[in-house]
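Residues 3 to 261 (the working numbering) make up the sequence shown, in order.
We treat Cβ as the ideally placed atom computed from N, Cα and C, and that holds for glycine.
What follows is a single structure, written as structure tokens, with notes after it.
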Amino acid sequence: MELSLDILALLFFVAMLAGFIDAMAGGGGLITLPALLAVGIPPTQALATNKLQSSFGSFSATWYFVRNGIVSLRQMRFAIVCTFIGSAIGAEAVQYIDAGVLTSLIPMLLVAISVYFLLMPKTKEQKGKAKLSEMMFAFTVGGGVGFYDGFFGPGTGSIFTVCFVALAHFSLVEATARTKVLNFTSNIAALLFFVIAGLPIWEVGLVMAAGGFIGARSGAKIVVTKGQKWIRPLVITMSMLMALKLLWEQHQQSILSVF
């Protein structure tokens, strides 16, 4: 399908805003996916195109964190491998499994994430003792959340961040940096399956990717300079917004089913 230059420009700035927010707290897809649907792109192609553009944004933030020494890819190699495999399996499984049951659980999960970040004490910069070994964390969190991202997706960044803070005892800045590495990994794995199926709309995805890349780089800088002051309220806000959005969609579907 062809879109006007005005629509493409709008999608560019929407992706820039989403990339900025996503680099800090996750949830950028809450902004970009509805925008793609609003301009008339079919749902499956909108999902695939959203993965295409979000991959560039998550790469931008990941590259910034790695280049500035906030995170080491070598130290995360096991989690990266497990996340990639989990997301690939999820992207394949979603083609055969009804996601309705999972959809009903997502809002509760997102509310739980919001409550956790709202009530948890201020994270200190020193590291505590991790509750899981590196390999166990990679297998359970990397593989599990990676599968979820490939299968469904909303809130993946927030879930990764919670796990890094609660289970690995990283500060929010360190957790956010590691989250972007795994989020990029799961994005690429799922995107490969969409590309094989010929679903992404490349001209739209690449325009949005440019905006997302710029926004994500700015967001990553804010994480490093502002730290926890900015991340915590954004994680809470984005998680709550996503939960409310999903609950509203379920409410609409239940009303339509009556008729």
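Taking Cβ positions, are residue 181 and residue 166 nearer each other than 8 Å?
-> yes
Looking at C-alpha atoms only, which residue of 256, 198, 89, 77 is the closest neighbour of residue 158?
-> 89
What is the DSSP secondary structure of residue 77, counted as helix, strand or coil?
-> coil
Is DSSP giving residue 53 helix, strand or coil here?
-> helix
Assuming residue 51 contacts residue 202 (C-beta within less than 8 Å), just tell me the rounded distance between them.
-> 5 Å
Distance between residue 186 and residue 31 (C-alpha atoms, nearest Å) = 13 Å
Please report the Cβ distance between residue 91 and residue 154, rounded to the nearest whole angstrom; I am assuming they are in contact, meaning their Cβ atoms lie under 8 Å.
-> That belief does not hold up - the Cβ atoms of residue 91 and residue 154 are roughly 13 Å apart, past 8 Å.
Give the secondary structure of residue 44 by DSSP, where H, G and I count as helix, E and B as strand, and everything else as coil.
-> coil
Using CA coordinates, which residue listed in 39, 206, 179, 172 is at the minimum distance from residue 131?
-> 172
Cβ-Cβ separation, residue 38 to residue 48 (assumed contact under 8 Å), whole Å | 4 Å
Between which two residues does the alpha helix (DSSP H) carrying residue 98 extend?
-> That residue, residue 98, is in no alpha helix (DSSP H); it is neither H nor E in DSSP.
Local conformation of residue 63 per DSSP, three classes = helix
Span of the alpha helix (DSSP H) holding residue 188?
-> 174 to 198
Nearest-angstrom Cβ-Cβ length linking residue 72 and residue 168, presumed shorter than 8 Å | The Cβ separation is near 20 Å, so there is no contact.
Go through its chain and collect everything with a Cβ distance to residue 136's Cβ below 7 Å, but skip five positions before and after it.
-> 80
Apart from the five residues just before and just after residue 63, which ones in its own chain have a Cβ nearer than 6 Å to its Cβ?
-> 25, 182, 218, 222
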